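A quick write-up on the structure given underneath.
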Amino acid sequence: MNLPNPPELLEEMRGPVMWLTINREERRNAISAAVLAGLSNALARANKDRGVRAIVITGTGTRAFCAGADLQSGQSFKFDYSEPHVGFANLFRQAKQSVVPLIARVNGACMAGGMGVMSMCDMVVASSKAIFGLPEVKVGLFPAQVLSVLGQLIPRRVLAEMCLTGEPLSAAQALEYSLINYVSDDLDGKLQWLLERLLDKSPAAIRRGLYTMKKIEAMSFE
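Position one of the sequence shown corresponds to residue 256 (the working numbering), numbered consecutively onward.
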């Protein structure tokens, strides 16, 4: 008897926190159509549910948070060009509109499109063994979509070096450049510490405040 394939995105409520875990460990938690659809659907529901106070995004195992597009599938860069918007870009749009705080739990390699998923989050806690990279130039591509959410997070010259050499940053370097909030050998302990500092505050102030922060970023000073 053939067993059904496990879901590619696991969803679990832990109290008021929605956990979304990319469940493709054998593919280094690479992004698939099902993962994109699951993330998009979950973000939409969470933003309509006042009981959800935060969203944690992570990957299974310890090797990878998300390795980006699944190049082995052969489908990663095939688009319906009649569609003006594609799934990955739409996910970034949703994250930009989210009033529920998004926290990336980076448990391993965060590469290419995984950098986009990490960068669209509001805060990041990383394992000390995590690495962060944009290796697209090594396969003749460039991280254009990822730049839309990563470009304002780190210094311009660091960003240029990452994009043009394809070489990764260590967790310590990512912390130095303020790409992430915290690095810890006790990843879950530090994440729980951060969540507790968030969950004891006003839910209304956080939702309205996050909305305000994101709108201000698109405005002139006046």
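C-beta: ideal position from N, C-alpha, C; glycine also.
In this text, all values refer to a predicted model and were calculated from it rather than measured experimentally.
field: D377 versus A285, I286, L434, residue with shortest Cα-Cα distance
entry: The count along the sequence shown starts at 1 and reaches residue 377 at position 122. The shortest Cα separation from D377 among A285, I286, L434 belongs to L434.
message: Residues in the same chain with beta-carbon distance under 8 Å from E416, minus the five sequence neighbours each way, listed in chain order, please.
response: Taking the sequence shown and counting its residues from 1, the one referred to as residue 416 is at position 161. Within the same chain, E416 has close Cβ partners E422.
Nonlocal neighbours in the same chain, by C-beta distance under 6 Å from L446, ignoring five residues either side: In the sequence shown, the residue the question calls residue 446 occupies position 191. The residues are R360, V380.
- prompt: S295 to Q349, Cα distance in whole Å?
  reply: The residue you call residue 295 lines up with position 40 of the sequence shown. The residue you call residue 349 lines up with position 94 of the sequence shown. Straight-line Cα distance between these residues: approximately 7 Å.
- request: May I have the straight-line CA-CA distance separating M370 from T420, to the nearest angstrom?
  value: Here residue 370 is taken as the residue at index 115 of the sequence shown, counted from 1. Here residue 420 is taken as the residue at index 165 of the sequence shown, counted from 1. Looking at the two C-alpha atoms, the distance is approximately 16 Å.
- prompt: If you scan the segment 274-313 from start to end, which runs of the alpha helix (DSSP H) of 4 or more residues do you find wholly inside it?
  reply: 288-303
- prompt: Should G342 be listed as close to the ligand MN, given that the test is whether its C-beta is under 6 Å from any heavy atom?
  reply: With respect to the ligand MN, the structure shown offers nothing to examine, as it has no ligands at all.
query: Residues in its own chain within less than 8 Å of P458 by CB, not counting five upstream and five downstream?
result: Within the sequence shown, numbered from 1, the residue matching residue 458 stands at position 203. Hits under 8 Å: R305, R308.
query: Just reading off the alpha helix (DSSP H) that V394 is part of, what are its end residues?
result: Stepping through the sequence shown from its first residue, residue 394 is reached at position 139. Premise fails: V394 is in no alpha helix (DSSP H) and is neither H nor E.
field: Endpoints, the beta strand (DSSP E) within which A269 is located
entry: On the sequence shown, position 14 is the one that residue 269 refers to. A quick correction: the sequence has Arg, not Ala, at residue 269. It spans 264-269 - the beta strand (DSSP E) in which R269 sits, taken as one unbroken run.
message: Going by DSSP in three states, L434 sits in which element: helix, strand or coil?
response: For this step, residue 434 is matched to residue 179 along the sequence shown. In the structure shown, L434 sits in coil (DSSP, three-state: anything other than H, G, I, E or B).
Integer Cβ distance of R462 from V311, believed to fall under 8 Å: For the purposes of this step, residue 462 is taken as residue 207 along the sequence shown, with counting starting at 1. For the purposes of this step, residue 311 is taken as residue 56 along the sequence shown, with counting starting at 1. No, R462 and V311 are not in contact; Cβ-Cβ is about 17 Å, not under 8 Å.
task: Can you grab the Cα-Cα spacing for the pair L465 / P261, in whole Å?
output: In the sequence shown, residue 465 corresponds to position 210, counting from 1. In the sequence shown, residue 261 corresponds to position 6, counting from 1. Going by the C-alpha atoms only, they are around 34 Å apart.
- request: Determine the extent of the beta strand (DSSP E) in which F343 is found, giving its start and end residues.
  value: Walking along the sequence shown from the start, residue 343 turns up at place 88. No beta strand (DSSP E) holds F343; the alpha helix (DSSP H) holding it covers 342-352.
query: What's the C-alpha gap between A473 and G363?
result: Translated into positions along the sequence shown, residue 473 becomes position 218. Translated into positions along the sequence shown, residue 363 becomes position 108. Roughly 32 Å separates the two Cα atoms.
task: Report the residue from S383, R269, L275 whose alpha carbon sits nearest the alpha carbon of D441.
output: Taking the sequence shown and counting its residues from 1, the one referred to as residue 441 is at position 186. Looking at the Cα atoms, S383 is the closest of the given residues.
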